[in-house]
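Protein chains in written order, with my numbering: chain A, 431 to 774; chain B, 431 to 774.
Inspection log for the structure reproduced underneath, given as C-alpha cells.
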C-alpha cells in the first residue's frame, strides 16, 4: 500500500471545499472537517477522512442535511433535548454543547441528549474541549450492532464508546474508548492486508471464534475486558436508549451506510467543579514507576496529544486511494498537491 | 475451612443488634445491616459481614459516628453537596439519594457528591434501588490505592468501581464493577487458602508479575481490560476528586483500617427518562444466541438477582471464624444459633 503525506491545513481545506460544494455553509464545513482531521492527526483514521466520501454521498442524496443544526428544547434549566434533524454530527453536537456549558456552570450539572444526528466523529474531541473549558464531560453515543454479548454469539450491541474529560493543568485527562475489543475498522484493515486477527477478537457468523478477518466481517467483535466491558457497553447503550428514545440493537443505522437516516442517540453530561484540581494526582500517576523504564506511565489523552503535535509538525499520511478519491471530487479548483508519496 | 449456614433474617438481626449496641439508632442499624446482608446474599462476601467487626471497632474508638447522617448543602436546585461527617456509609448515602431523587425527577438530572463518608458497601445496591424508582443512576466511589496503572508498577489507583442502574421491566439493568482485574479481597482469600493467583492479576512490591498471593498482598492489582480499564478507573477517580475534593491516590484511607477517618469521595448522578423503555432491548439481548446452549445470555444484575433469591430460599454461608467473632460480640442476648455447620 502507498500512503500520501500531506499537511493538516491542506487536507482540512480540501475537506472543507468538498463539504461547501455539497451545500454546507463554510463555518459548519470547517467544524466537520476539523473533527475528521483531528482524528487523523491523533492516529484514529477510522474516524478520519475515510468517512468523508460516505458523508458526501449522504449529503448528496438528502439523507444528511447540510444546513440543519438541531432543534433545541429545554426540558428544564439543566436538561437540553436536541432533535438533530439529520444535520452534520459535529455541527449539531458542538452547538448543543455551547448551549449547555453555561447551564452546567450555573447549576453544577447539565445534560444534553441528542437524537437524529449524524456520526459525531471522535468522541474524545468533545470531552477534551469541555475539559479545557473547565467542565467535566461524560460523552456517550450508540452505534450499529457489531459486538456480541459476553457469553453470546450475535452482533446485538453497538461499540458504544465512552468519553470522559476532566480538567487539569497542564493538560486535561481525556479518555475515549469503545467498549469493543477492537473496532470493525481494524477487522476490515486486517482483511485488506490479509493479516490474521488475534485470538479472542471476533466470532464468525455462526458464532464460532475466528482469526480470519473476512469471516469476522460477517460475524461479531468481542466486548473488551470480558464480562465487565460487556456490562459497561450494554449499560451505556441501555442508558442512552432510556434517556434519548433512540433506536437500539440491530435497529440502529445511518453511520455506516449511505441511505438510512441516523437513528442512534448521543448523550453528554457536563459538571462543574466543587472539589479540587486533579492535576497533582495525574502528575503523580505520570511520575510513578513504569514497567518499562523507557516508557513513562501515561494518562488518558497523553498519547493522542503527542501524536497530534507530531502530525502538526510532520504532516499526516493518508491512504493513496482515499486521497485520489477525495481530490477527484474536488472540482472547485486544481486538485491539492500532496507533499510526497510514500511507499510503505 | 468450615462454613456456617444461616438464614438472612438471623444474620441481619445479629448485625443490627451489634450496631445498636455500638450506639447506632435502630433504623440506621437496619440500613447498614441490610447493605452487608444484601452483599452476602448476592455472593459478594468481600462487601458483607466481613466488614462488620472493623466497622464496630471504628464506632467504638470514635473514628466513625453512630449518629451522624450527613450535612446537606444544595449548591443549586440539582446539585447536593454532602459532608458525611464520618457517619455510616449507607445511612449517609441513602439519605442523600432520597433528597436528590425529587430533584432528578423535576429537572431531568441531579447530582450528589459526598465526602467524609464511611464505606458504602455494594455500590450496585444504590443503582438498583434508584432504577427501581424509575431513575437512571450512575454511582462512583474512590478507594485506597491498590491498583497499578497500565504500563506502571505501583499501587496508586483505587479499585474505583462504577455502578449503573437503568430502569426496565421486569428487572432493571444493574451494573456493579470495580475497575480492577480482581479485588484485593480475592488475593487475600487465595493467600489464606494457599492457591496461586492467575497470571496477569497482580505484581509484587518490586513491580514484577507474580502468582504468589502473599507477594501480591504487598504489591498491586492489575486494572481490568488493559489500557481501557486503566483509563476508566483513573478517569473516574480524577472526576470524583475534581468534583468532591476528596483525597486521591495513596492519601486515601479509612475503608480498610480501624483508625483513619474516611476521606474518599462518592458521586451519584441521577437522570429521569425522556426516551423509551430499555426493557425490550434487554430482553432481545437475553434471548440472543448463547455460546453455551445451557447458559443463556445474562444482562448485568441478572446473576446477582438469582443468587439473592437462592439465598432467601436456602440461607447464606458465613465463614465459621467470622460467625464466632460476631456472635461472641453479641452480649445483648443468647448468641444466635446457626441452622447448621457445614464442612467444606
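The beta carbon of each residue, even a glycine, is placed where N, CA and C say it ideally should be.
Note that this is a predicted model, so its numbers are computed, not measured.
The contact set of residue 720 (chain B) on chain A, defined by CB atoms closer than 8 Å, consists of 581, 582 and 583 in chain order.
If you check the CB distance, residue 747 (chain B) and residue 433 (chain B) come in under 7 Å. Of A:760, A:758, A:759 and A:753, the smallest CA-CA separation from residue 480 (chain A) is found for A:753. In the three-state reduction of the DSSP assignment, residue 434 (chain B) falls in the strand class, which pools E and B. Look at residue 469 (chain B): its C-beta is not under 7 Å from any C-beta on chain A. For the options B:618, B:486, B:713 and B:517, the alpha carbon positioned closest to that of residue 643 (chain B) is the one of B:618. When 8 Å is used as the limit between beta carbons, residue 586 (chain B) is near these residues of chain A: 714, 715 and 718, in chain order. Residue-level contact check: residue 643 (chain A) does not touch chain B, since none of the beta carbons of chain B fall below 7 Å from its beta carbon. Closer than 7 Å to the CB of residue 526 (chain B) there is not a single CB belonging to chain A. About 5 Å separates the Cβ atoms of residue 545 (chain B) and residue 674 (chain B), confirming a contact at the 8 Å cut-off. The beta-carbon of residue 560 (chain B) is placed no less than 7 Å from the nearest beta-carbon of chain A.
Interface residue (Cβ-Cβ distance to chain B less than 7 Å): residue 694 (chain A) is not classified as such. Taking a Cβ-Cβ threshold of 7 Å, the residues of chain B close to residue 669 (chain A) are 566, 594 and 596, in chain order.
As DSSP reads the structure, residue 511 (chain A) sits in a beta bridge with A:503 and A:543.
Inter-residue distance for residue 636 (chain A) and residue 702 (chain A) is about 48 Å (C-alpha atoms, whole angstroms). The shortest CA-to-CA distance from residue 472 (chain B) to any of B:520, B:757, B:743 and B:759 is the one to B:743. Per DSSP, residue 560 (chain A) is one residue of the alpha helix (DSSP H) stretching across 553–562. Look at residue 476 (chain A) here: in three-state DSSP terms it is helix. Per DSSP, the unbroken alpha helix (DSSP H) holding residue 672 (chain A) starts and ends at 656–674.
Contacts with chain A (Cβ-Cβ distance below 9 Å) from the segment 538–550 of chain B involve 538, 539, 540, 541, 543 and 545, listed in chain order.
For residue 757 (chain A), there is no enclosing beta strand (DSSP E); the enclosing alpha helix (DSSP H) has its first and last residue at 750–759. As summarised for the segment 696–757 of chain B, the continuous beta strand (DSSP E) elements at least 3 residues long and confined to that stretch are 746–749, given in chain order. By the criterion of at least three beta-carbon pairs nearer than 8 Å, the segment 729–737 of chain B is not in contact with the segment 714–729 of chain A. Proximity to residue 694 (chain B) across B:680, B:552, B:737 and B:711 peaks at B:680, based on C-alpha coordinates. When C-beta distances to chain B are compared with 9 Å, the residues of the segment 698–712 of chain A below that value are 699, 701, 702, 703, 704, 705, 706, 707, 708, 710, 711 and 712, in chain order. Per DSSP, the unbroken alpha helix (DSSP H) holding residue 619 (chain B) starts and ends at 614–623. For residue 527 (chain B), there is no enclosing beta strand (DSSP E); the enclosing alpha helix (DSSP H) covers residues 519–537. A distance of 7 Å or more separates the beta carbons of residue 552 (chain A) and residue 601 (chain A). In this structure, DSSP gives residue 637 (chain B) a state outside helix and strand, which the three-state scheme calls coil. In the three-state reduction of the DSSP assignment, residue 653 (chain B) falls in the strand class. Setting aside the 5 residues that flank it on each side, residue 454 (chain A) is surrounded in the same chain by 496, each with a C-beta closer than 6 Å to its C-beta; the list follows chain order.
One alpha carbon belongs to residue 507 (chain B), the other to residue 537 (chain A), and they sit about 7 Å apart. Boundaries around residue 569 (chain A) are those of the beta strand (DSSP E), 565–571, since no alpha helix (DSSP H) includes it. With respect to residue 524 (chain A), residue 611 (chain A) sits apart: the two C-beta atoms are not nearer than 7 Å. In the assembly as shown, residue 664 (chain B) is a buried residue. Its beta-carbon has 16 or more other beta-carbons within 10 Å. About 18 Å separates the beta carbon of residue 452 (chain A) from that of residue 514 (chain A), a gap too long to meet the 8 Å contact definition.
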